[in-house]
Structure formats: C-alpha cells, structure tokens
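Read in order, the letters of the sequence shown are residues -27 to -1, 1 to 288 in mature numbering (1 follows the signal peptide of the UniProt record, and there is no 0).
Using N, Cα and C, we set each Cβ at its ideal position, and we do this for glycine too.
Since the structure is predicted, the reported quantities are computational estimates derived from the model, not experimental observations.
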Amino acid sequence: MAALLKLTATAAVFVVVAALCGAGVSAQTHHVVGDDGGWGPAFNITSWLSGRVFKVGDKIWFKNAGMEESLVELKGLEEFLSCNLTNPIRMYTDKGNHVSLEEEGVRYFTSGNPESCKNGLKLPVAVESDDPYPAWGVPPPAWSTPPPVDPYPAWDTPPPPPPPAKPSPEFGPPPPVDPYPAWDTPPPPPPPAKPSPKFGPPPPVEPFPAFVPPPPPPPSPPPPPKPSPKFGPPPPVEPFPAFVPPPPPPSSPPPPPKPSPKFGPPPPVEPFPAFVPPPPPPPSPPPPHPPSAATYLNKVSFVFFVGLLLCYIGF
C-alpha cells in the first residue's frame, strides 16, 4: 500500500512539472480542488492535476474541506511523502478554504487525518511565475533556461547488496559435489580381529562335560567247586541228612578305583551332552526256594533219630 501511495505521489509530481513546462496563462485562475466531488476520499489527484498550470496570483479552493476531511499544509517533501503531521506550516479549519498562491515554489497540502493521508488524500501544487520573461523584457537565451526541477525525485529502489564473497580455499577450488549422489550401500564392517594368544591357543573348554555312564558291576563269582570224594568206603548214610543252611548271597564287589587322570589337555567337552540312558540295573538274585516236603521229612526224621539216640544213651 505504501508503495502505491508513493507511486501516486510521484505521478502527481510529474503532472505538476508538465504543467510548469506548458504555456503560460496571463489571467488569474480559480482552481476548485476535486471539482464537484470536492476535497474528500473520492478525490482523484492525478486526473485533476492533468493539464493544470498554477501561476502566482491564482487561488485554490478546497471545497468541503473541514466537513469531511481537514486540511494541513506541510513544509517539505519528506513530511509530505511520510504523512508526518506533527509539525505543519498551517492548519486550515474553515469550511471553505481559499488558498492564495502568492509566490513561486511547491506547496504541499494533505488531509489532517493520517490514515486518509496514507490512503492518498494529499495534493502537491507547483506554482510558477505569471511573467514568462524577466523584468528587463529581453527573452532569455534558450541555453540560459535551467531545466525544470522535479520536486518528486523518482523513487528508485536501491539495488540489493551483493552477496558476501566466499573465501577462496587455500589449496584450490573444492571438487564438484554431486547434488544427488548415487546411493551406495556401505560395505559391512570387518569382523573384529581376535587377539593372538601369548603362548598358543588354549584347549577348547566346554561348559558342560559329557555324561559318561558308570561301568556295569562285574558278574557274581561262581560258587566254589565241591571237593571230590575220597576213595574208600562210603560214609555212613544217616537216615536224616544234616540240615545245611543255604549259603548267603555273595556281596557286591567294591567299585573299581577310578583311573588317575593323565596329564595333558582335557578332552573336548560338549556344551550340551547327548542324553545317554543309564544301563538297566543288574537282575536281582532269585529268592531262596522254600524247603521241599522231602527235605522237611528228612529234618524231622533226623530230629527223631537224635532223640531216640539220646534216650538210648541215657538208659
């Protein structure tokens, strides 16, 4: 919005300068600002200034000034462009404000409302002399006439500052960088190197030793052989053989001593030994058979015979 206002003000200045360069008008002119619309927000400055020439002695009438918009005269171009109303030359408070143009120069009029001023309600008036020639009556030479001065210099946007120069590298320009480098999969990292042992690799030690089943017990020794009978007369046979109790079962032999370990590296131990089922227990010896009826009769006969013998000896 500010740029548009500055552009409008610049166009108005160009119109004023063109009016200064136009043909002079000898008679005084009464200028009604805004014509029928008067001084207000609808006032079109550019169209109203087109073709107008302001001479010394002319008058300007700001129609409706004070009713809708007040009128302020500023002293310079800077205040006029920035709408700085803090230090005006004069404030017109009458409803019909007639301003006399009594000397050459540019006069700056604007609305007393800062918002209206910023919206473009302001008027520059360039007043020129009513006599086209100097007082001595001799027309000046063409080269002596200075060029018209533009009261509104063209608003040139300053060029942007140059970008800061990059410091040159010390060892030459860097290599060009590809903005879209090829996506290469990074190689896998090498496996960590195992530290070399000082005195050779130790034998592999497994956390769980292999399960070795115990050796089976040795078989029971055979019964001792019966002594062969001597040659001679057979011993007298008793009618009742002597009772011989059955021999007790042989006791289990003591387990063999464990072999002493040999010096050297231990055998490799598997971390999880294979399950080996234990061997079946040795068969228990059969229970002694109860004495048969014949054996029992032999025992009873033997006891009876001994009793008779004792009775006979006693008598």
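Assigned secondary structure, residue i (DSSP; H/G/I helix, E/B strand, else coil)
i: residue 16; result: coil
i: residue 47; result: strand
i: residue 267; result: helix
i: residue 193; result: coil
i: residue 87; result: helix
Residue of the options minimising C-alpha distance to residue i
i: residue 84; options: 283, 99, 104, 61; result: 61
i: residue 188; options: 161, 253, 138; result: 253
i: residue 190; options: 161, 1, 16, 257; result: 257
i: residue 91; options: 28, 161, 48, 55; result: 55
i: residue 30; options: 267, 2, 251, 275; result: 2
i: residue 45; options: 32, 20, 100, 87; result: 87
i: residue 99; options: 51, 137, 28, 47; result: 28
i: residue 79; options: 89, 97, 73, 70; result: 97
i: residue 16; options: 161, 160, 95; result: 95
i: residue 82; options: 34, 104, 103; result: 34
i: residue 103; options: 36, 165, 70, 26; result: 26
Through-space distance from residue j to residue i, alpha-carbon basis
i: residue 13; j: residue 135; result: 44 Å
i: residue 93; j: residue 6; result: 14 Å
i: residue 8; j: residue 132; result: 41 Å
i: residue 283; j: residue 265; result: 27 Å
i: residue 250; j: residue 272; result: 50 Å
i: residue 65; j: residue 48; result: 14 Å
i: residue 76; j: residue 32; result: 12 Å
i: residue 101; j: residue 138; result: 51 Å
i: residue 59; j: residue 52; result: 9 Å
i: residue 19; j: residue 11; result: 14 Å
i: residue 192; j: residue 269; result: 33 Å
Neighbour-count burial assignment, residue i, 16 or more Cβ in a 10 Å radius
i: residue 43; result: buried
i: residue 277; result: exposed
i: residue 285; result: exposed
i: residue 281; result: exposed
i: residue 63; result: exposed
i: residue 89; result: buried
i: residue 74; result: buried
i: residue 22; result: buried
i: residue 72; result: buried
In DSSP terms, what residue i is bridged to
i: residue 32; result: 3, 73
i: residue 63; result: 46
i: residue 80; result: 98
i: residue 27; result: 100
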